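Residue numbers (my numbering): 655 to 972. Think of the CB as a built atom: it goes at the ideal place given N, C-alpha and C, for glycine as much as any other residue. Since we're looking at a predicted model, the values are computed, not measured.
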Amino acid sequence: MHAIVIREPGGPEVLAWQEVPDPRPGPGEVVIDVAASAVNRADLLQRQGHYPPPPGAPPYPGLECAGVISEVGPGVEGLSPGDEVAALLAGGGYAERVAVPWQQVMPVPEGVPLVEAAALPEVACTVWSNVFMLARLRRGETLLVHGGASGIGTMAIQLAKAYGSRVAVTAGSEEKLARCRELGADVTINYRIEDFSEKIRADVILDIIGAKYLGPNVKALATGGRIVIIGMQGGRKGEVDLGALLAKRGTIHATALRSRPVDEKGAIVRGVVENVWPLVAAGTIRPVVHATVPLPEAARAHRMLEDGKHIGKILLVR
């Protein structure tokens with residue numbers, strides 16, 4: 655098969671479409687013929703040499719895919735060759751085929767084209783596991799999402815609104831904020847000219863920035879609020895005013911999805927299929943796709959993500 659290989663750490667130009675060994679399904683695994691994958695910020699970090707795949711994962715980038723099962727290993731339950739599926743991956747999505755534990759495989763939601771389904775696994779699993787399973791966002795509470803126009807942000811807006819919550823978002827342009835409002839955001843904040851900590855008090859904050867926003871996030875937190883940090887675009891190390899956090903009886907969580915054990919990922923996937931997929935099938939939640947790029951041209955897709963003008967997901971298609 656062919657896959658996108660990282661020849662050495664560096665910029666998008668180090669990505670190359672090369673022939674590599676075909677994957678074989680191990681016990682409890684299926685092989686998926688990939689129809690599409692998607693670009694995530696973690697892929698950029700891996701390309702730069704800052705985020706190596708976990709042990710046992712394919713060396714190629716790609717944390718999600720959609721496609722058709724071509725092979726099934728021993729011990730797999732409920733899946734057969736020919737099934738159209740989407741999958742959460744530890745790596746390997748930028749390839750013609752990928753082997754994945756069966757627990758991380760999910761059916762394509764009804765009414766969603768196979769290629770578009772590649773836009774869903776990572777964002778749905780990230781939002782469901784962090785906002786609902788961990789932070790336990792409740793009906794009537796306020797969710798603040800940083801990067802509201804990102805893939806994760808567009809999913810978080812739709813899912814939180816579907817569950818009856820109020821949603822505030824930050825983004826860096828009026829075009830992005832307008833799209834967030836179309837998706838259901840109640841409060842939109844341009845972080846380039848406004849201080850979000852002065853405009854909102856949130857019960858749950860989903861944060862992709864990290865250190866730079868630690869102080870403002872605590873300030874923006876409502877009493878009993880929960881901050882969930884899932885990214886470090888604003889740095890790894892910062893200071894927290896523990897007195898302010900104590901006064902608000904707030905909590906800070908920091909999580910990652912890629913490195914979790916298969917059983918934990920499987921539990922998240924089951925939660926998504928049970929709680930999110932029916933909303934997708936009903937049209938309440940839809941994948942937001944900014945662009946589709948041929949898989950061999952992954953370098954162009956990486957440049958698009960780095961440019962920061964996208965809204966939603968950038969897909970890599972066969």
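Start and end residues, beta strand (DSSP E) containing residue i
| i | result |
| --- | --- |
| V739 | 738–742 |
| V722 | 718–726 |
| A690 | 683–692 |
| T877 | 875–883 |
Bridge partners - residue i, DSSP secondary structure assignment
| i | result |
| --- | --- |
| L831 | Answer is none; L831 lacks a bridge partner. |
| M760 | A740 |
| S804 | G966 |
| N844 | A825 |
| L669 | I660 |
| H907 | V882 |
Sequence-distant residues of the same chain with beta carbon closer than 6 Å to residue i, five excluded per side
| i | result |
| --- | --- |
| V894 | L868 |
| A935 | P763, E764, G765 |
| I859 | L798, N871, I881 |
| Q758 | A741, L742, K919, V923 |
Proximal residues to residue i (C-beta, below 8 Å), its chain only, five neighbours per side dropped
| i | result |
| --- | --- |
| P950 | H656, I658, W671 |
| I854 | T796, L798, A822, V841, I843, A874 |
| G826 | N844, Y845, R846, G962 |
Whole-angstrom C-beta distance between residue j and residue i, which should lie under 8 Å
| i | j | result |
| --- | --- | --- |
| V799 | A689 | Actually they are not in contact, since the Cβ atoms of V799 and A689 sit about 29 Å apart, beyond 8 Å. |
| E795 | S819 | 5 Å |
| L717 | A740 | So it is not a contact: roughly 12 Å between Cβ atoms. |
| V693 | A921 | Not quite, the Cβ-Cβ distance comes to about 26 Å (not below 8 Å), so this is no contact. |
| C779 | L911 | 6 Å |
Residue i, enclosing alpha helix (DSSP H) - first and last residue
| i | result |
| --- | --- |
| N929 | 916–929 |
| E852 | 850–853 |
| L860 | Where L860 is concerned, there is no enclosing alpha helix (DSSP H), although the beta strand (DSSP E) it sits in stretches over 856–861. |
Which listed residue (the options) has its alpha carbon closest to that of residue i
| i | options | result |
| --- | --- | --- |
| L699 | P941, L959, R914 | L959 |
| Y714 | V730, G745, D737 | G745 |
| D676 | V927, W782, R833, E750 | E750 |
| V777 | E795, R790, G801, V971 | G801 |
| D861 | G807, G682, G892 | G807 |
| V781 | V971, H964, V930, R972 | V930 |
| V872 | G732, F850, Y845, R890 | F850 |
| L743 | A753, Q702, R792 | A753 |
| I881 | A898, A908, G897, K866 | A908 |
| M809 | I686, G727, C834 | C834 |
| R678 | P915, P755, L933 | P755 |
| T906 | A789, G805, V693 | It is worth fixing the name first, because residue 906 is Ile in this sequence and not Thr. Selected option, being the one with the closest Cα: A789. |
| G664 | E673, L970, R957, K967 | R957 |
| G878 | K902, P761, G892 | K902 |
| I660 | T946, K891, A832, H704 | H704 |
Cβ neighbours of residue i in the same chain (closer than 7 Å, five flanking residues each side left out)
| i | result |
| --- | --- |
| K815 | V821, G838 |
| A953 | P666, E667, L669 |
| Q887 | I862, I863, G864 |
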